[in-house]
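For the sequence shown, position 172 (counting from the first letter as 1) is numbered 171 according to numbering that gives the first Met the number 0, and the numbering increases by one without interruption.
Have a look at the structure below before the remarks.
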Amino acid sequence: MKITIVGTGYVGLVTGTCFAEIGHDVLCVDNDERKIKVLKSGQMPIYEPGLEEMVHRNVASGRLKFSGSIEEGTAFAEVIFIAVGTPPGYKGQANLSYVEQVGRKVAEHMTGYRLLVEKSTVPVNTAEQLKRTVAKYSRSDIDFDVASNPEFLREGCAIDDAFKPDRIVVGVESERAGKLLQAIYDPIVKKSGCEFLQMNIASAELTKHASNSFLAMKISYINAVSRVCELAGADIEQVAHGMGLDKRIGPRFLDAGVGYGGSCFPKDVDAFVHIADHLGYDFELLKEVQRINHSQREHVMKKIQHELWVIQDKTVAVLGLAFKPETDDVREAPSLYFIPQLLEARARVKLWDPVAQEKFKELHPTLDYYSDIVECAKDADLLLILTDWPQVKGMDLVKIKGAMRCPVIVDGRNLFDPEDMKNRGFTYHCVGRA
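Structure follows, in structure tokens:
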């Protein structure tokens, strides 16, 4: 089938490339001319393991193309996936201006039936507004459908998630739309054995926000438990392991640390709270999830302040700028909280991350960046771990200790054993351990 993807961010580029990989003809459209130029040159605007090779392979086969024209995208395919950004707006509600613009542009240029599919994370009932927009701006009485197909891709393993999903959720109003989406996903369903869930559009839209908010809640819960562990003399790693063996709970998202970040959880929890408020329900549980997430970073910052006493003129080496490993995404990353705090206190910061430095430099171009962990740690009064990169877990602790002015580590990801670190001569602070 021919498919148009509007938006070439993490969701759009991965989705379009994976559709091409299973045999569809895909045109990825973006109004950012710089991004399209980068893609046409064979370079990647984002980092995602395995993506670059797959893009090159499908471009060479002719199944994947890029364009800056929504008019070309509308003419190219019957099915158009909307994968544009929905950044948080005033009071946390999603900014749907990009979604609305795509609806208007498609309406102005379509000459036959089109299925517009919400791939972006949008509030419930967005499809109703999108339908009104397309009907209003269409130049003639052309038949069309709107559907919802929320994404559940995790940055760092998005390709694997695309080909081996837990489920595929689609919200449709017509049999025609349902059959088109089933045909698109049929190769993935047959190979992975996942369930293809077809429901009404409002339910599909809500499934995404409900899922991400639940996972964020799980993270905030284990972080709250970690605070109790520190006060009680317990070990959060042991507690989380004991909890995770219960099949009703499971081990995933029970890693205590500096809180959740990234482009999804903070934005989606904020949006879900706003959606509930708008509908007349005070989602107090999720508001507490937000509060715990913010307070967890403050709690770790207090560990830094306790160790350094006077932060001014101290050198802090920060390991990890991305919000999680295997991505260069720094949106809502813990580094965006801690580094400004340290700079405000007039510390000297030295920064390391294997892939996210260029993205972070766009925000802080004048700071000191290092490609080698030991060089980053040299003469540091404190080492702060914010991202659980395998390179950090496997770093040479003997060299790290020898390079530092003071062998002090504040580990926001619980990568090391406290007793072992003590025996190695480190002053070691982590999360949720007495």
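We put the beta carbon where it would ideally sit given N, CA and C, even for glycine.
At what residues does the alpha helix (DSSP H) containing residue i begin and finish?
i, result
"L12", "9-20"
"H23", "Where H23 is concerned, there is no enclosing alpha helix (DSSP H), given that its DSSP letter is neither H nor E."
"D160", "157-162"
"L307", "283-307"
"R33", "32-39"
"G431", "Here G431 belongs to no alpha helix (DSSP H), and DSSP marks it neither H nor E."
"F166", "The sequence shown places Arg at residue 166, rather than the Phe named in the question. Unbroken run through R166 is the beta strand (DSSP E), 166-170; no alpha helix (DSSP H)."
"S334", "334-343"
"Q311", "No alpha helix (DSSP H) holds Q311; DSSP gives it neither H nor E."
"D185", "174-191"
"K266", "264-278"
"D419", "417-422"
Should residue i and residue j be called a contact, given that it needs their Cβ atoms to be closer than 8 Å?
i, j, result
"V354", "D327", "yes"
"I79", "T3", "yes"
"T314", "D380", "yes"
"G260", "F322", "yes"
"A74", "H108", "yes"
"A146", "V169", "yes"
"S450", "E331", "Because the chain here runs from 0 to 433, residue 450 falls outside it and cannot be looked at."
"Y9", "E117", "no"
"L214", "F282", "no"
"G319", "I384", "yes"
"L396", "R423", "yes"
"H293", "Q92", "no"
Should residue i be labelled buried (16 or more other beta-carbon atoms within 10 Å of its own) or exposed?
i, result
"R138", "exposed"
"D269", "buried"
"Q311", "exposed"
"E361", "exposed"
"V227", "exposed"
"D185", "exposed"
"A161", "buried"
"P122", "buried"
"D267", "buried"
"T125", "buried"
"R33", "exposed"
"K207", "buried"
"K104", "buried"
"P250", "exposed"
"N199", "exposed"
"E127", "exposed"
"A106", "buried"
Which residues in the same chain have their Cβ closer than 6 Å to the Cβ of residue i, if we skip the five residues on either side of it in sequence?
i, result
"G177", "V171, Q197"
"N413", "C429, V430"
"K217", "F252"
"F65", "C27, I35, L38, K39"
"G15", "I4, V25, C27"
"P86", "N94"
"F425", "P406, I408"
"G11", "I4, A82"
"D367", "K349"
At what residues does the beta strand (DSSP E) containing residue i begin and finish?
i, result
"E194", "194-198"
"D410", "407-410"
"G61", "Note, G61: premise wrong, no beta strand (DSSP E); not H, not E."
"I4", "1-5"
"F80", "78-81"
"A316", "314-318"
"T426", "426-428"
"K349", "347-351"
"I45", "From DSSP, I45 is part of no beta strand (DSSP E); its letter is neither H nor E."
"G72", "Unbroken run through G72 is the alpha helix (DSSP H), 69-75; no beta strand (DSSP E)."
Keeping to the same chain, check which residues put their C-beta closer than 7 Å to that of residue i; ignore five residues upstream and five downstream.
i, result
"A344", "I310, Q311"
"A376", "A316, L382, I399, A402, M403"
"A182", "M0"
"A76", "K1, I2, T3, L26"
What does a CB cutoff of less than 8 Å around residue i pick up in its chain, not counting 5 residues either side in sequence?
i, result
"R296", "V257, G258, P333, Y336, F337"
"N57", "T16, A19, E20, V25, L63"
"Q390", "P353, I372"
"G88", "N94"
Quick check: is any heavy atom of the ligand COA less than 7 Å from the C-beta of residue i?
i, result
"M0", "The ligand COA is absent from the structure shown, which contains no ligand whatsoever."
For the segment 94-154, list the alpha helix (DSSP H) runs that are entirely contained and at least 4 residues long, ordered along the chain. 96-108, 125-136
At what residue ranges does the segment 356-398 contain a whole run of the beta strand (DSSP E), taking only runs of 3 or more? Listed in chain order, the complete beta strand (DSSP E) runs (minimum 3 residues) inside the segment 356-398 are 367-369, 381-384.
Within the segment 223-254, note down every full beta strand (DSSP E) run reaching 3 residues or more, in order along the chain. none
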